[in-house]
Amino acid sequence: MGYTHDALSDLVFEEAVPYEYFDAARRDDPVRWVEEGGGPGYWSVTRYADVLAVTRNFREFSSEAGGTTREDIAPEDLLARKTLIDTDPPLHTQMRRLLAPRFTPGSVHKDWLGFVETTVMILLDRAFERTNFDYVAEVASTIPIAVLGELLGVPAGDRTYLMGLGDEMIAGSDPDHAPRTADSPENAAEYSAYPFSSPAGRDLWKYADDLRERRKDNLGHDVFSLLMTGTLGDRKLSTRELDNFFSLLVVAGNETTRMALSHGLLAFAEHPEQFNLLRDDPSLLPSAVEEVLRWATPIHHFRRTALVDTDIAGTKIRAGDKVLMWYVSANRDETVFDRPYTFDIARKPNPHIAFGGGGPHICLGNSLARLELQIVFRELAKRVKSIEIDGPVRRLRSNLTHGIKELPVSLTYA
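Below, the structure is given as structure tokens:
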């Protein structure tokens, strides 16, 4: 049977994640070849065990050889836009080591607990002046960008601008987020040397260059200062390396946490018994956050490129083949998760791979994301009695990221 990318297009995911497609793929053809218009095709990997095997094996499946997105990029453009996630060890290890001490669980708790708690309180107080509002606009989008802006040392007045650029980069075919490319896909090729093949990537580079000029005589403890002064081996980051690092942090530190906050609230609205369980038993907060992450799976997939002739679960893979790892499918794998389509905040064990499944590419900011989620859902459970959806839920047009654009809610306060 032949498969085409049409079943996995951005437009399909705008309606809903095609879970039935992934269920059938895991059952019947878990490593399947998918034809794609304008491209050579790719292997679609849908089972949990196989996704883990690929994502942890950088010696055979490279992030650097072809990048981490499905689209094929010219080698010179790929080199120009290379970020941390588009590298393999040993370069990846060097780049990660530059920031890793700031993102350990201990460092995050010590440096960020107070700021995140204060930020959440202020922004929830503002949102809770009404009972009916758009949760994405008032809560899920405002908290992560406030934390990220502080982390990077970005002036408060610039943060909304950066959020808009991040939105545009991750959803190049969504007309609400990316009007410069959504209706003219050919425009994306014009920007292929910039992050996410987006004009927003170019704008973000320019912003980083301007920020560097403003900050060169005013360094602090923030991550942008660390990028300006830190070293890779025996040298400082080049201008383009700093720009790309900054671009990645703007997207990874904001968009994915927003998505988890949005899907978590939607899940609690659709499963009120689980919200009541959390309200009655706050000790469930850590496991609730893990279940929200599994349920949301903010990144649907990433790409690897085979470096050698090899196999995945007995399917022969040739050197140079593209491989897409579907985290969104792996996190619903019935051989790993009991009742995978049940939202269960007491689920244990819960070995979800929303942060990438271990290996060298596990999400650098996972401790900070967990902290934000824990504090937001802790406060919601304290201050809200019930959650109802108050209008259409509008989803992002993207098969890469699992975003919600609008989530109108009606809250009853405790």
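In this text, residue positions in the sequence shown follow the working numbering: the first is 6, and each later residue adds one.
All C-beta atoms in this analysis are idealised placements derived from N, C-alpha and C, irrespective of residue type, glycine included.
(request) Counting only runs of 3+ residues fully inside the stretch 347-371, write out the beta strand (DSSP E) ranges in chain order. (result) none
(request) Please confirm if the stretch 250-267 is in contact with the stretch 136-145, defined as three or more CB-CB distances below 8 Å between the two stretches. (result) yes
(request) Just mark Leu378 as buried or exposed, buried being the case when its beta carbon has 16 or more other beta carbons within 10 Å. (result) As a first step, residue 378 is located in the sequence shown; it is residue number 373 there, counting from the start. Flag for Leu378 reads buried.
(message) Which same chain residues end up closer than 7 Å to Ala198 when comparing Cβ atoms and leaving out the 5 residues on each side of it in sequence?
(response) Working through the sequence shown from its first residue, we reach residue 198 at position 193. Excluding residues within five positions, the ones whose Cβ falls inside 7 Å are Asp82, Ala85 and Arg86.
(message) In the DSSP output, which residue or residues are listed as bridge partners for Trp331?
(response) For the purposes of this step, residue 331 is taken as residue 326 along the sequence shown, with counting starting at 1. DSSP output for Trp331 lists His306 as bridge partner(s).
(request) To the nearest angstrom, report how far apart Phe27 and Trp300 are at their CA atoms. (result) Position 22 of the sequence shown, counting from 1, holds the residue named residue 27. Position 295 of the sequence shown, counting from 1, holds the residue named residue 300. Using only the alpha carbons, I get a separation of about 15 Å.
(request) Over the uninterrupted beta strand (DSSP E) stretch that includes Pro287, give me the two end residues. (result) Counting from one through the sequence shown, the residue named residue 287 turns up at place 282. Looking at the DSSP string, Pro287 is not in any beta strand (DSSP E), and its letter there is neither H nor E.
(message) Using only CA atoms, which one of His407, Leu253 and Leu298 lies nearest to Pro356?
(response) Your numbering for residue 356 matches position 351 in the sequence shown. The option with the nearest alpha carbon to Pro356 is Leu298.
(message) Would His93 and Ser67 be called neighbours here (beta carbons separated by less than 7 Å)?
(response) Position 88 of the sequence shown, counted from the start, is the residue given in the question as residue 93. Position 62 of the sequence shown, counted from the start, is the residue given in the question as residue 67. The amino acid at residue 93 is misidentified as His; the sequence shows Asp. Yes; because the gap between Cβ atoms is below 7 Å, this pair is in contact.
(request) Taking only the alpha-carbon atoms, compute the straight-line gap between Phe307 and Arg399 and give it to the nearest angstrom. (result) On the sequence shown, position 302 is the one that residue 307 refers to. On the sequence shown, position 394 is the one that residue 399 refers to. Their Cα atoms are separated by approximately 23 Å.
(request) Output yes or no for whether 7 Å exceeds the beta carbon distance between Ala374 and Leu283. (result) Within the sequence shown, residue 374 is the residue found at index 369, counting from 1. Within the sequence shown, residue 283 is the residue found at index 278, counting from 1. Not in contact: Ala374 and Leu283 (Cβ atoms no closer than 7 Å).
(request) Measure from the alpha carbon of Asp172 to the alpha carbon of each residue in Leu157, Ser203, Glu155 and Gly154, then state which is nearest. (result) Your numbering for residue 172 matches position 167 in the sequence shown. Of the listed residues, the one whose Cα sits closest to Asp172 is Ser203.
(message) Suppose the cutoff is 8 Å on Cβ atoms and the five residues either side in sequence are ignored; what does the same chain contact list for Leu290 look like?
(response) In the sequence shown, counting from the first residue as 1, residue 290 sits at position 285. So the qualifying residues of the chain are Leu283, Gln379, Phe382, Arg383 and Ala386.
(request) With DSSP as the reference, please indicate the residues paired to Tyr47 in a beta bridge. (result) Within the sequence shown, the letter at position 42 stands for residue 47. In the DSSP output, where bridge partners are listed per residue, Tyr47 has Val39.
(request) Taking all protein chains shown into account, decide if Leu288 is buried (16 or more other Cβ within 10 angstroms of its Cβ) or exposed. (result) Position 283 of the sequence shown holds residue 288. Leu is not the amino acid found at residue 288; the sequence shown has Ser there. Under this definition Ser288 is an exposed residue.
(message) Could you tell me the alpha carbon to alpha carbon distance between Asp222 and Leu254, rounded to whole angstroms?
(response) As a working mapping, residue 222 is identified with position 217 in the sequence shown. As a working mapping, residue 254 is identified with position 249 in the sequence shown. Taking the straight line joining both Cα atoms gives about 22 Å.
(request) Tell me the start and end of each unbroken beta strand (DSSP E) in the stretch 110-175 that is at least 3 residues and wholly inside, in chain order. (result) 137-139
(message) Under 6 Å: does the beta carbon of Asp77 sit that close to some heavy atom of the ligand PLP?
(response) The ligand PLP is absent from the structure shown, which contains no ligands of any kind.
(message) Does Lys241 come out as helix, strand or coil in the three-state DSSP assignment?
(response) What you label residue 241 is simply residue 236 of the sequence shown in a count that begins at 1. Note: Lys241 maps to strand in three-state DSSP.
(request) Return the first residue and the last residue of the alpha helix (DSSP H) that Leu416 is part of. (result) Within the sequence shown, numbered from 1, the residue matching residue 416 stands at position 411. No alpha helix (DSSP H) contains Leu416, which is instead part of the beta strand (DSSP E) from Pro413 to Tyr418.
(message) By alpha-carbon positions, which one of Val56, Leu96, Glu20 and Arg32 ends up nearest to Phe360?
(response) Locating residue 360 in the sequence shown gives position 355, counting from the first residue. It is Val56 whose Cα lies nearest to the Cα of Phe360.
(message) Please return the same chain residues whose Cβ sits closer than 6 Å to the Cβ of Ala335, not counting the five positions on each side in sequence.
(response) To locate residue 335, count along the sequence shown from 1; it is residue 330. Excluding positions up to five away in sequence, the list reads Tyr53, Val56 and Ile358.
(request) May I have the straight-line CA-CA distance separating Asp349 from Glu296, to the nearest angstrom? (result) For this step, residue 349 is matched to residue 344 along the sequence shown. For this step, residue 296 is matched to residue 291 along the sequence shown. Approximately 7 Å between the Cα atoms of the pair.
(request) Would you kindly report the start and end of the unbroken alpha helix (DSSP H) that includes Lys211? (result) In the sequence shown, residue 211 corresponds to position 206, counting from 1. It spans Pro204 to Arg220 - the alpha helix (DSSP H) in which Lys211 sits, taken as one unbroken run.
(message) In this structure, how does DSSP classify Ser267 when only helix, strand and coil are distinguished?
(response) Along the sequence shown, one-based indexing puts residue 267 at 262. Looking at Ser267 - three-state DSSP - the assignment turns out to be helix.
(request) Kindly indicate the opening and closing residues of the alpha helix (DSSP H) around Val17. (result) Along the sequence shown, read from residue 1 onward, the residue named residue 17 stands at position 12. Its alpha helix (DSSP H) spans residues Asp15 to Glu20.
(message) Which residues does DSSP list as the beta-bridge partners of Val389?
(response) To locate residue 389, count along the sequence shown from 1; it is residue 384. Per DSSP, Tyr418.
(message) Taking the beta carbon of Phe120 as the centre, do at least 16 other beta carbons fall within 10 Å, making it buried, or is it exposed?
(response) By 1-based counting over the sequence shown, the position of residue 120 is 115. Under this definition Phe120 is an exposed residue.
(request) Could you tell me whether the stretch 23-43 touches the stretch 314-331, using the rule of 3 or more Cβ pairs below 8 Å? (result) yes
(request) Specify the secondary structure class of Arg32 as computed by DSSP and reduced to three states. (result) Your numbering for residue 32 matches position 27 in the sequence shown. Three-state result, Arg32: helix.
(request) Within 10 angstroms of the Cβ of Arg135, are there 16 or more other Cβ atoms? Answer buried if so, exposed if not. (result) Locating residue 135 in the sequence shown gives position 130, counting from the first residue. With fewer than 16 other Cβ atoms within 10 Å, it is exposed.
(message) I need the straight-line Cα distance from Gly206 to Leu89, nearest angstrom please.
(response) In the sequence shown, residue 206 corresponds to position 201, counting from 1. In the sequence shown, residue 89 corresponds to position 84, counting from 1. Our two residues, Gly206 and Leu89, have alpha carbons roughly 15 Å apart in a direct line.
(message) Per the DSSP calculation, Ser67 is bridged to which residue(s)?
(response) The count along the sequence shown starts at 1 and reaches residue 67 at position 62. Bridge partners of Ser67: Thr310.
(message) Comparing C-alpha positions only, which one of Asp285, His10, Gly363 and Lys115 sits nearest to Asn437?
(response) The requested residue 437 does not occur in the structure, where the chain is confined to residues 6 to 419.
(message) By the three-class DSSP mapping on this structure, what secondary structure does Asp11 have?
(response) Stepping through the sequence shown from its first residue, residue 11 is reached at position 6. Correct three-state label for Asp11: helix.
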